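Numbering (the numbering used here), first residue to last: 181 to 276.
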Ligand SMILES: [Zn+2]
């Protein structure tokens, strides 16, 4: 299956510039919600107005990776971004 990035919707901080990508911590199974445009991260999908954001390094001190379809299966409202959108950018940002 082609790899893609799942999102819970547009970013409530930078609006149409960013999408909230679903990531997964490397050290636990916890999901992390991250906007690659403004670098805001949340431990749950951000509301609107947004909950206070943290940095990705605070929420995922050992790093994170892009969550796959199985990992987002229980997440209400998550949907894949079309045609690899954000994939290269996120993979570059998350690389060790
Ligand atoms: Zn944003």
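Glycine is no exception: its CB is placed at the ideal position from the N, C-alpha and C atoms.
Values in this document were obtained by computation on a predicted structure and should not be read as measured data.
query                                                                                                  : result
Cβ-heavy atom distance, residue 193 to ligand 1, below 7 angstroms                                     : yes
Cβ-based burial, residue 264 [other Cβ within 10 Å; buried from 16]                                    : exposed
Span separating the alpha-carbon of residue 230 from that of residue 191                               : 9 angstroms
Nearest to residue 233 (by Cα), restricted to the options 260, 183, 213, 197                           : 213
Whole-angstrom C-beta distance between residue 252 and residue 186, which should lie under 8 angstroms : 5 angstroms
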